[in-house]
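The opening position of the sequence shown corresponds to residue 26 in the numbering used here, with each subsequent residue numbered one higher. Here a beta-carbon is modelled for each residue, glycine too, at the ideal position from N, C-alpha and C. Taking it in order: structure first as structure tokens, then the write-up.
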Amino acid sequence: MESVQLICRGPCGKPFHALCDECFLGSLTQKTLQSLTRRIDSIDETLRNLSTLLVPLLAMTAQQRELHLPTEIWEQIFQHLGGRQLARVRATCRRWRDVVDGCPRLAGKFVVKLPTDTLVDEHYEPGHVMGSAARVALEKVEIVGVGFWWRSLGERLTSLSLNNCKLSLPILLGMLKFTPNLKSLELRTKFCFATAVGDASDGVKLTKLEELTLLSAKNVTMFGPLCPRLKRFRILANLQRGDDDRNVAQFLQAVQHTVEDVDVYLTADLLRYVTELEQLQLKRISFRCISRLEELPLVSFCQAQWSIEDLGIERFGTTNATLCLIGTSLPKLSRITVRITDDGTVLPSFVNTMPRLKHLKINGNSKLFMTFGTLQSPHLTQLHLHDVRLAQNGLKPYLRKCPTIRAIILEYCTFDNWSEVFGPLEQLPTLRHLELVGIVVKNNIGGPTAGCFAGLRSLKLSYLAGGDMSHRMLAALLGQCGQLEEVHLTDRVDDEMVRIVGGSVRGLRRLTMDRCVCLTDASVEHVVKSCAKLEQLVVRDCMRITRSGLSVLKRRFPTVLSVND
């Protein structure tokens, strides 16, 4: 048989042979490979189908594996796999292991972890650490010293996370001396700063670090001169007035030329300090606050930081009037999360002061009724309403003036009936994602109209209280979602609802069943029978699904299943 040479249209441009069905995958024909090659120009679309070939690929003999596509094409295929799938690919043969280890994008998907309660000292040697891994995440590990394995691993690390670990600050700094390429450092542990620093920071150079997360503000000032390119900074614990305020202010002063994203528990003193930083130009800030802040200093801060594009102030309440002042102070604002404290019926007119708004999240309260009236957000792509009671016809006119809306999240909102839920959402041609989380529907009547969700791709149903969605209502909803590809189910979901999902959503590719305590092995049968096209299946904390049922899912979906059993 004459050999046919094809030219790779990927980054290498090298010639290679079209493989016939006698030497490639057993079940794939020469025609299949040639068809794949013709479609390589649209590789991102094609690779989703290629990843499903891993099952026959894993069954190849060693001799067959010597006849395969160029490395560059395998890299393109493998980059569409998750870490769990990629680990199985890597363990298949030496050739694929070399492909994965030699590609930084693929190796970066692996995370090095050690067993909890491990004691690490100079003599400790982990059983197996992939030398090309780019991330380390340790939890509940005590570190009193590190050996040569850390030095060889640290050079390639881009991310280090320590969660509830025990080690002294000099030990931590000693570890950081061997991580010059670190981009993200996350220290979620109260034990890190157990001893004095001294000269331990000598030789530590974190010149590539962009993200820093700390549990507390203690010793935060030490990191200022170590992070000349820091962009994102977060402190998880509450700040105590006094030393904490001054420490954070001093740190921000040191990194003000580069930092763009700050997420801290705010105090009035810290807000005043930060407002006075002349070189600070933030793009994002999220305020978390124990006590209510005065609104005038908040407005003054926004006027000083006019470069902000993403503002989060949901942890303490503000009025619509204050938000209007903030909106006029931030001309670049595209994302905002707020908590409105007004009572009665409120028109959130602040949205009209934010013409670039793309993401809007509003947290309400039980005393507030909201109507959007004639407001408009021409660039809005996501609307998230939490604990909001909408006045009659209070949302529909607004959504008609959001021509780019793609995602709507209704979370713990209250409605009289299902028509109030679906009515405002109908006939939105750009809507692709809908979440109904913890909504209360007092009367289980009404429903969606024909064709109302024709373009919807993703649906999440979680914690439906009060008027739980009936089987009839779910079937009616799914019947209007002809292009649905992803369904996420949480909490009060039964086997019949899973059967309805499998039978109604013909193009289902991604299914998540999370904390669905009512599901049994009957749902396993429904998924196996009706969801043959799944590319991702997540089963998490579904306690009544037996180990036998999970085994069935693992056999049926060996490369796409993610489960905690």
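Return helix, strand or coil for L194, following the three-state DSSP convention.
Three-state DSSP puts L194 in a helix.
Measuring alpha carbon to alpha carbon, tell me which of C190, S193 and K202 ends up nearest W175.
Ranking C190, S193 and K202 by CA distance to the CA of W175 puts K202 first.
What residue range does the beta strand (DSSP E) around A162 cover?
R160 to E164
Can you find the residues in the same chain that come closer than 8 Å, C-beta to C-beta, to N345, ignoring five residues on each side of it along the sequence?
Cβ neighbours of N345 beyond the five flanking positions: I365, D367, V371, L372, P373, S374 and F375.
Give the straight-line distance between the Cα atoms of F103 and F276, rounded to the nearest whole angstrom.
41 Å
If we require 4 or more residues per run, which alpha helix (DSSP H) segments fall completely within the region 92-133?
Listed in chain order, the complete alpha helix (DSSP H) runs (minimum 4 residues) inside the region 92-133 are 96-103, 108-115, 119-126 and 129-132.
6 Å CB neighbourhood of G471 in its chain, flanking five on each side removed
N442, W443 and S444
Beta-carbon contacts of L559 that lie in its chain and below 8 Å, excluding the five residues immediately before and after
L533, R534, R535, L536, V552, F582 and V585
Count the other CB atoms, across all protein chains shown, that sit within 10 Å of the CB of Q508; report buried if there are 16 or more and exposed otherwise.
exposed
Taking Cβ positions, are I434 and E460 nearer each other than 7 Å?
yes
Is the beta carbon of I525 less than 7 Å from the beta carbon of L486?
no
Quick check: what's the CA-CA separation for W99 versus Q110?
14 Å
Which same chain residues end up closer than 7 Å to T545 when comparing Cβ atoms and leaving out the 5 residues on each side of it in sequence?
D520, R569 and I570
Let's test the definition: count the other Cβ atoms within 10 Å of the Cβ of D566 and tell me whether it reaches 16, buried, or not, exposed.
exposed
Since Q328 and L305 should fall inside the 8 Å C-beta cutoff, what is the C-beta to C-beta distance between them, to a whole number of angstroms?
Their Cβ separation, rounded to whole angstroms, is 13 Å, which puts Q328 and L305 out of contact at 8 Å.
Measure the alpha-carbon distance for L255 versus L323 and round it to whole angstroms.
24 Å
Assuming V363 and L348 make a contact with CB atoms under 8 Å, what is their CB distance in whole Å?
6 Å
Could you pull the DSSP bridge partners for Q561 from this structure?
DSSP lists R535 as partners of Q561.
The beta strand (DSSP E) spanning A432 covers which residue range?
A432 to E436
Nearest neighbour of T183, chosen from L192, K243 and V161 [CA to CA]:
When each option's Cα is compared against that of T183, the closest is V161.
Pick out whichever of G369, H148, L503 and L106 has its Cα sitting closest to the Cα of L415.
G369
Own chain, CB closer than 6 Å to G398, minus 5 neighbours either side, in chain order
L372
Please report how far the alpha carbon of G448 lies from the alpha carbon of D335, in whole angstroms.
30 Å
So for Y423, helix, strand or coil by DSSP?
helix
Output the distance between the C-alpha atoms of L92 and G133, rounded to the nearest integer angstrom.
Residue confidence for L92 is low, a pLDDT of 47 falling below 50, so the modelled location carries little weight and cannot support an answer.
Three-state class that DSSP yields for N272 in the structure shown
If DSSP states are grouped into helix, strand and coil, N272 belongs with the helices.
How long is the line joining the alpha carbons of V675 and L197, rounded to whole angstroms?
Nothing can be reported for residue 675, as the shown portion of the chain is limited to 26 through 590.
Using the rule of at least 16 other Cβ atoms within 10 Å of the residue's Cβ for burial, across every protein chain shown, is D269 buried or exposed?
buried
How is N345 classed by DSSP in three states: helix, strand or coil?
The DSSP-derived three-state label of N345 is helix.
Is any heavy atom in the ligand ZN found nearer than 6 Å to the beta carbon of G107?
This structure does not include the ligand ZN; it has no bound ligands of any sort.
Buried versus exposed call for D101 [16 or more other C-beta atoms within 10 Å across all chains shown]
According to the sequence as given, residue 101 is Gln; it is not Asp. Buried is the call here.
Please go through the region 269-310 and give each complete alpha helix (DSSP H) segment of 4 or more residues, from N-terminal end onward.
293-300
Expressed to the nearest angstrom, what Euclidean distance is found between the alpha-carbon atoms of Y630 and R297?
Nothing in the structure corresponds to residue 630, since the chain is present only between 26 and 590.
Separation of S177 from P151, as counted between CA atoms:
13 Å
Where in the region 337-386 do unbroken runs of the alpha helix (DSSP H), each at least 4 residues long, occur, reported from the N-terminal end onward?
345-354
So the candidates are D288, L251, P195 and M200; which of them puts its Cα closest to the Cα of L240?
D288
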